[in-house]
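Residue 759 is where the sequence shown starts when you use the numbering used here, and the numbers rise one by one after that.
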Amino acid sequence: MHSTSFPLTDIDHTHQYTLVRWIFLRMLGAIYLFAFASLLFQMIGLVGEQGILPAQSYLDLVYKYKHTESFALLPTLCWWLGASNEMIQACLIAGCLFSVMLILDLFPSISALMLWVLYLSMVNIGRTFLAYQWDNLLLEVGLLAIFLAPLHALPKYKRTLPSNVILWLLRWLLFRLYFFSGVVKLQSGDKAWQDFTALLYHFETQPLPTWTSWWMHQLPEILLRVGTLSMFIVELIIPLLIFTPQKIRKWAFFPMASLQVLIMLTGNYGFFNLLSFALCLLLLDDDTIIRYFPQKLSTHLPRFTGTQEALWRAPIIYMLAVIVITVSGYKTLSRFVPSSQLPPIARYVDQKTRPFRSINRYGLFAIMTKTRPEIIIEGSQDTKTWKAYTFRWKPGSLSSKPRFLTPHMPRLDWQMWFASLGTIKRNRWMLNFMRQLQKG
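In structure tokens:
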């Protein structure tokens, strides 16, 4: 289908990204909504007043020893609002509301700013339960999205064109996410990655499998080995196309996005795959999306009449770009050379920005787990008859079929998987969990 049949014909959309930005921000709003809504049913039990790791006690401890540096070390609104059950719930509900505003394109830049501040606040009081790479990824994407989002108030207002600087910072983030997920697998020295047998174990040993995981595990060994090799190609070679001209770059979308779809269909990783897929959209331009968008839905695409970015915003964007490139460059190089050999200024900036968790290192599944230990917690009212506690999502009874729960991210169930692979010294939260269970 030719772009001349679309309602966007008054603009040359070749290598334009206004429509791409519009779709990306709507997806980001939905992902934020999934993240906040998921936490809405968990945070009180995890870090509430009677939770496993009470947030207020943590804040009091940090304030006691780091008084004047408290916010710099742990940036969160809870320093002013407190971390009572009611305030935590209020922050999460506010996050849901601002997510809906971003989805509806209402005050998108302000909504993106508030979402980043609120999620950062929750992540920093969530401690080990919100310490996953995709929490960091959402914060990093969220920070850049503040400056990607247009400055208008209502959907029909005239829009600014998306910042090319921010678009490239997001593509650089996408590259780091994929490429270094491949690099860490090679650097780990894990034989399962080296001989392409990793997928022989992955589907049955991953944290929260789905019922489709069983079927994937039954595939012939040769197909699973080919699948592992294909994954390396997608993570290590295809991302290089990100830095090529647009007419070539767009071809990286299908393999990179397909990997996320396949992972989402065979495992439960919360909003991670949706967020990674959204980043992959930035490999496309408006012309590509319009050309392949279903004809029947074409009339529902919004009209865009773009103008240049507001002048006052440019210095902020360039300053942000310098910080992101400095810190991400430092984190990238430190994978290969000792940090002591890198510029001290880069190390200093990295240390100062680290608490904001918005410029990160990435690398998933460096080591492939080959066994599946499970922690079974039992309770008794008479110390004679013991019964196992049943978790809602964590694999338990062998007669129960694993379920799909994406985009929900059950934090306790996930953390139980990590605990089963570690020691009590590295999972002190388990002791608090047991105490809270005893209290009933």
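Every residue gets a Cβ at the ideal spot worked out from N, C-alpha and C, and that includes glycine.
| Item | Value |
| --- | --- |
| On the DSSP bridge assignment, give the partners of Lys-1145 in chain order. | Gly-1137 |
| Taking the alpha-carbon positions, what's the Ile-1081 to Ser-842 distance? | 34 angstroms |
| Between the alpha carbons of Gln-1194 and Arg-1150, how many angstroms are there, rounded? | 18 angstroms |
| From Asp-953 to Ser-988, what distance separates their C-alpha atoms? | 13 angstroms |
| Using the DSSP secondary-structure output, state which residues sit across from Gly-940 in a beta bridge. | For Gly-940, which the question treats as bridged, DSSP gives no partner whatsoever. |
| When you compare each of Trp-1144, Phe-1162, Gly-1137, His-1166 to Lys-1197 by their alpha carbons, which one comes out closest? | Gly-1137 |
| Is it right to say Pro-1168 is buried, meaning 16 or more other beta carbons lie within 10 angstroms of its own, or is it exposed? | buried |
| Determine, using beta carbons only, whether Asn-894 and Arg-1115 come nearer to each other than 7 angstroms. | yes |
| Give me the Cα-Cα distance between Gln-886 and Arg-983, rounded to the nearest whole angstrom. | Checking the displayed sequence, the identity of residue 886 turns out to be Thr instead of Gln. Going from the Cα of Thr-886 to the Cα of Arg-983 covers about 34 angstroms. |
| Enumerate in chain order the residues of its own chain whose CB-to-CB distance from His-975 is below 7 angstroms, with the five nearest sequence positions on each side excluded. | Phe-961, Glu-962 |
| Taking Met-880 as the reference, give the member of Leu-906, Trp-1009, Thr-918, Tyr-816 with the closest Cα. | Tyr-816 |
| Under 8 angstroms Cβ to Cβ from Leu-1189, same chain only, skipping five residues before and after it: list those, please. | Ile-1182 |
| Closest by CA to Phe-782, which one among Ala-1036, Lys-1159, Met-1192? | Ala-1036 |
| Given that a residue counts as buried once 16 or more other Cβ atoms are within 10 Å of its Cβ, and exposed if not, what is Thr-772? | With a pLDDT of 47 at Thr-772, under the threshold of 50, the modelled position of this residue cannot be trusted; read the value that follows with caution. Exposed, by the Cβ-count rule. |
| Can you list, in chain order, the residues of its chain whose CB lies under 7 angstroms from that of Asp-770, leaving out five sequence neighbours each side? | For Asp-770, the pLDDT reaches just 39, beneath the cut-off of 50, and the residue's location in the model is therefore unreliable, leaving the point undetermined. |
| So Thr-968 packs on Asn-922, CB below 8 angstroms; how close in whole Å? | No, Thr-968 and Asn-922 are not in contact; Cβ-Cβ is about 39 angstroms, not under 8 angstroms. |
| Can you tell which of Pro-866, Asn-1118, Ile-802 has its C-alpha closest to the C-alpha of Leu-779? | The question names Leu, yet the displayed sequence has Arg at residue 779. For the residues Pro-866, Asn-1118, Ile-802, the minimum Cα distance to Arg-779 belongs to Pro-866. |
| Since I believe Leu-835 is in contact with Cys-849 (beta carbons under 8 angstroms), could you give me their beta-carbon distance rounded to a whole number of angstroms? | 7 angstroms |
| Give, in chain order, every unbroken run of the alpha helix (DSSP H) that is at least 4 residues long and sits entirely within the stretch 886-915. | 891-906 |
| In three-state terms, what does DSSP make of Thr-1111? | helix |
| In whole angstroms, what separates the C-alpha of Asp-1171 from that of Lys-1152? | 5 angstroms |
| Under the three-state reduction of DSSP, which class applies to Gly-1025: helix, strand or coil? | strand |
| Less than 7 angstroms between the beta carbons of Ala-911 and Cys-854, yes or no? | no |
| What is the rounded straight-line gap between the Cα of Asp-1044 and the Cα of Met-785? | 16 angstroms |
| Identify every residue that forms a DSSP beta bridge with Pro-967. | Gly-1025 |
| Buried or exposed: which applies to Met-1022, given that a residue is buried once 16 or more other Cβ atoms fall within 10 Å of its Cβ? | buried |
| For the putative contact between Leu-798 and Trp-892, defined by C-beta atoms under 8 angstroms, what is the C-beta separation to the nearest angstrom? | Not quite, the Cβ-Cβ distance comes to about 18 angstroms (not below 8 angstroms), so this is no contact. |
| Assuming His-965 contacts Trp-837 under a Cβ cut-off of 8 angstroms, what Cβ separation, rounded to an integer in Å, is found between them? | Correcting the residue type first, residue 965 is Pro in the shown sequence and not His. About 32 angstroms separates the two Cβ atoms, so there is no contact after all. |
| Looking at C-beta atoms only, is the number of pairs between the stretch 918-938 and the stretch 895-905 that lie closer than 8 angstroms three or more? | yes |
| Along the chain, where does the alpha helix (DSSP H) containing Thr-1084 start, and where does it finish? | 1071-1091 |
| Can you list, in chain order, the residues of its chain with a C-beta nearer than 7 angstroms to that of Phe-993? Leave out the 5 residues immediately preceding and following it. | What sits at residue 993 in the sequence shown is Glu, not Phe. These residues qualify, in order along the chain: Tyr-936, Phe-937, Ser-939, Gly-940. |
| Using CA coordinates, which residue listed in Glu-979, Ile-1000, Ala-956 is at the minimum distance from Phe-990? | Ala-956 |
| Does Thr-834 come out as helix, strand or coil in the three-state DSSP assignment? | coil |
| Tell me where the alpha helix (DSSP H) around Ser-815 begins and ends. | 813-824 |
| Determine whether the beta carbon atoms of Met-845 and Phe-856 lie at a separation below 7 angstroms. | no |
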